[in-house]
Amino acid sequence: MSFFADTKETVSRFKNHIDEFQNLFHRHQVEFGSPKNIWRFIVKLKKDTTFRRDVVRLGNAVVRREGGKVSLTILFTIIAIAIGGIGIASMGWAVGLPAAALAALLGSIGFGVGQEIDTAIKPQGSQEASRVDPGTTEQHESPDAITPPEGIIVDGVSQFELSIATEESVYAITEALKILDETLSSEAAKASEGRRKLDQILSRLEKLDGDFSATSKYVSEALPSLAQTFEGVKGDLNAQIEDMQSAVEAQTAQIGKLRLVVVVQAGITFVVLAIGLCVLLRSFHVI
Numbered sequence: 001m002s003f004f005a006d007t008k009e010t011v012s013r014f015k016n017h018i019d020e021f022q023n024l025f026h027r028h029q030v031e032f033g034s035p036k037n038i039w040r041f042i043v044k045l046k047k048d049t050t051f052r053r054d055v056v057r058l059g060n061a062v063v064r065r066e067g068g069k070v071s072l073t074i075l076f077t078i079i080a081i082a083i084g085g086i087g088i089a090s091m092g093w094a095v096g097l098p099a100a101a102l103a104a105l106l107g108s109i110g111f112g113v114g115q116e117i118d119t120a121i122k123p124q125g126s127q128e129a130s131r132v133d134p135g136t137t138e139q140h141e142s143p144d145a146i147t148p149p150e151g152i153i154v155d156g157v158s159q160f161e162l163s164i165a166t167e168e169s170v171y172a173i174t175e176a177l178k179i180l181d182e183t184l185s186s187e188a189a190k191a192s193e194g195r196r197k198l199d200q201i202l203s204r205l206e207k208l209d210g211d212f213s214a215t216s217k218y219v220s221e222a223l224p225s226l227a228q229t230f231e232g233v234k235g236d237l238n239a240q241i242e243d244m245q246s247a248v249e250a251q252t253a254q255i256g257k258l259r260l261v262v263v264v265q266a267g268i269t270f271v272v273l274a275i276g277l278c279v280l281l282r283s284f285h286v287i
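Note that the UniProt record's numbering has the sequence shown beginning at 1, numbered continuously upward.
Written out as structure tokens, the structure is:
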């Protein structure tokens, strides 16, 4: 059995009432907007007389403003969406138990039950919420007269409260497992991407290693030829240097000979000039 009417249609038709309940939750410092808030809401509703009275008063006001044509199913859906968000009906078993507990608690504190608003809003399960015969007068307990379920008291905590805490823990664990699964999936995707990049790097390294091996082989084969060529060039250079040294020595010797010839020629020229000068002076009877 589903405890919810169509949530999208409910939001479309009763958004103003949902906002009213959320404003009420805000005034009483009750967290809302997530399915995990349902258990805390139930505990608050059960223990806080003032809060419970305000919730009942607002619920009955909603029924009156809608002309009494609001079923408990629709009213419950309005409150459930206000506390747990529009996606609460799609959470499945994770909110099944707290939804059942909340429905039972709301039914026990005297919400007015009218007819369905129309055929457009139906419970999402196969079984519709039961209607109340207009001719039947139902007796509801007052908000202040809620009797908690009978149960064993352990260290001042009732079995009902232990059950709530346990179910809240189960829901928290479910959410934690969901987050863990999403995290693991994300990390697995990152690991896969890292592995792909590593494979690319290894492939490039293998290619570079192959290129290096080919280059090394080519260099190894070319070295003897290069060494032989170097030795040949070195021999040619040495021969050229020796030839140049021989040419320089020959030129130096030639220069020495030329210097000697110049000196001799200068000496001969000086002697000839001296003899000529003497002859000239004698011709003038100077000497």
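All C-beta atoms in this analysis are idealised placements derived from N, C-alpha and C, irrespective of residue type, glycine included. From a predicted model like this one, the values you see are computed outputs, not experimental measurements.
Item                                                                                 : Value
Cβ distance (whole Å) where Ile78 is taken to contact Thr10 below 8 Å                : 6 Å
Residue span of the alpha helix (DSSP H) that contains Gln22, given as start and end : Thr7 to Arg27
As assigned by DSSP and simplified to three states, the class of Val70               : coil
Pro35 burial status per 10 Å Cβ neighbour count (16 or more: buried)                 : buried
Check whether Ile86 and Asn37 have beta carbons under 7 Å apart                      : no
Nearest to Val63 (by Cα), restricted to the options Arg52, Asp54, Leu75 and Val55    : Leu75
Assigned exposure category for His17 - 16 Cβ within 10 Å defines buried              : buried
Per-residue DSSP class, three states only, for Glu249                                : helix
First and last residue of the uninterrupted alpha helix (DSSP H) at Val56            : Thr49 to Arg65
Whole-Å CB distance - Glu20 paired with Leu58, under 8 Å assumed                     : 6 Å
Three-state class that DSSP yields for Ser34 in the structure shown                  : coil
Integer-rounded CB distance, given that Val30 should sit under 8 Å from Leu14        : Strictly speaking, residue 14 in this sequence is Phe, with Leu absent from that position. 19 Å between Cβ atoms; not a contact.
Reference Arg53; option with closest CA among Phe25, Ser71, Val70 and Gly33          : Phe25
Alpha-carbon to alpha-carbon, Phe212 and Ser185                                      : 40 Å
As assigned by DSSP and simplified to three states, the class of Gly85               : coil
Cβ neighbour criterion (16 or more within 10 Å) applied to Ser71                     : buried
Euclidean distance between Cα positions of Ser216 and Leu237                         : 30 Å
Status (buried if at least 16 other CB within 10 Å, exposed otherwise) for Leu102    : buried
Rounded Cβ spacing between Phe4 and His28 (contact assumed at less than 8 Å)         : Incorrect: roughly 23 Å between the Cβ atoms, too far for contact.
Reference Thr7, options Val55, Lys69, Leu280 and Ile88, closest by Cα                : Ile88
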